[in-house]
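Presented below is the structure to which this report refers.
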Amino acid sequence: DVKVTQSSRYLVKRTGEKVFLECVQDMDHENMFWYRQDPGLGLRLIYFSYDVKMKEKGDIPEGYSVSREKKERFSLILESASTNQTSMYLCASSTDRTGSYNEQFFGPGTRLTVL
Amino acid sequence: KNEVEQSPQNLTAQEGEFITINCSYSVGISALHWLQQHPGGGIVSLFMLSSGKKKHGRLIATINIQEKHSSLHITASHPRDSAVYICAALEGQGAQKLVFGQGTRLTINP
């Protein structure tokens, strides 16, 4: 079974702090994604990566950056956390291998509160 | 207008009822994803399909590419099926990005 893990289930930070959210997958997937989920807005893509050191902006990249130094790990960075970044953050991974249909597998989520 | 629309947004039913959740999309897709999210946040992949029908236990997913429509059915529903069900379209060929519906909140009462 694919396993996607996230470093924290719950996180509380203060405005202006630098925040790191870590995601690790154990199935050698090429693609990794960071989403945020807010009531009434559904899931929105922040950034994704299709290879080590490669990244592409999603729909809402402002205020975020990412890092992918190793294939299994994809980090989301909030350079200076703000209250409007309070949200549920979900990581996912997928593979390009034939027959996979790029099915995405999700982590358990990190509920971040910025005070 | 959202590119992926689900209906209904909320659904409450009694245990044992047959449940249908609908998903319509306006984009060209290579596959459609059905996801389940329980309270607490974790998302589980239920189905990924590009044509026809798939069945897993009491869950059945169908897709009609020409009509740009997919349905998720739950037979003999149970309170543990209570969750948010999300459909997501994989756009184009070889695409990586999903376009998500808003989700359907299903509550099954005993």
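In the order they appear, the protein sequences are chains G and E.
When you line the first sequence up against the working numbering, it's residues 1 to 115, in that order.
When you line the second sequence up against the working numbering, it's residues 116 to 225, in that order.
Backbone N, C-alpha and C define an ideal beta-carbon position, used for all residues, glycine too.
Source: prediction; values computed, not measured.
- Considering only beta carbons, the part of the region 42-65 of chain G lying closer than 7 Å to chain E consists of Gly-42, Leu-43, Leu-45, Phe-48 and Tyr-50, in chain order.
- Here the alpha carbon of Tyr-47 (chain G) sits roughly 28 Å from the alpha carbon of His-184 (chain E).
- By the CB criterion at 9 Å, Tyr-200 (chain E) and Ile-136 (chain E) fall inside the cutoff.
- Beta-bridge partners of Asn-125 (chain E) (DSSP): E:Arg-220.
- Under the DSSP assignment, Asp-38 (chain G) falls in the beta strand (DSSP E) whose first and last residues are 31-38.
- Beta-bridge partners assigned by DSSP to Leu-187 (chain E): E:Ile-136 and E:Ala-176.
- For Ala-81 (chain G), no beta strand (DSSP E) encloses it, and the DSSP letter there is neither H nor E.
- Separation of the CB atoms of Ser-160 (chain E) and Glu-62 (chain G) is rounded to 29 Å, and the pair is thereby denied contact status at 8 Å.
- Straight-line measurement puts the Cα of Ala-176 (chain E) at about 42 Å from the Cα of Lys-18 (chain G).
- Within the region 123-151 of chain E, Ser-145, Ala-146, His-148 and Leu-150 place their CB atoms closer than 8 Å to a CB of chain G, listed in sequence order.
- Here the region 55-71 of chain G makes no contact with the region 122-131 of chain E; the two share fewer than three CB pairs at distances below 8 Å.
- The contact set of Leu-161 (chain E) on chain G, defined by CB atoms closer than 7 Å, is empty, because the minimum CB distance reaches about 10 Å.
- Shown here for Pro-39 (chain G): not one same chain residue has a beta carbon closer than 8 Å to its own, the five before and five after excluded.
- In this structure Val-4 (chain G) touches Ala-92 (chain G) by the C-beta definition: roughly 7 Å separates them, less than 8 Å.
- Along the region 153-177 of chain E, the positions whose C-beta sits under 7 Å from a C-beta of chain G are Gly-156, Gly-157, Ile-158, Ser-160, Met-163 and Ser-165, read in chain order.
- Listed by position along chain E, the residues whose Cβ is nearer than 8 Å to that of Phe-106 (chain G) are Leu-150, Gly-157, Ile-158, Val-159 and Ser-160.
- For Phe-20 (chain G), the CB contacts under 7 Å within the same chain, skipping 5 residues up- and downstream, are Ser-75 and Ile-77 in chain order.
- Under the Cβ criterion of 9 Å, Phe-33 (chain G) is counted among the residues facing chain E.
- Annotated three-state conformation of Arg-195 (chain E) is helix, per DSSP.
- A Cβ-Cβ distance of about 5 Å is found for the pair Trp-149 (chain E) and Leu-187 (chain E), placing them in contact under the 8 Å criterion.
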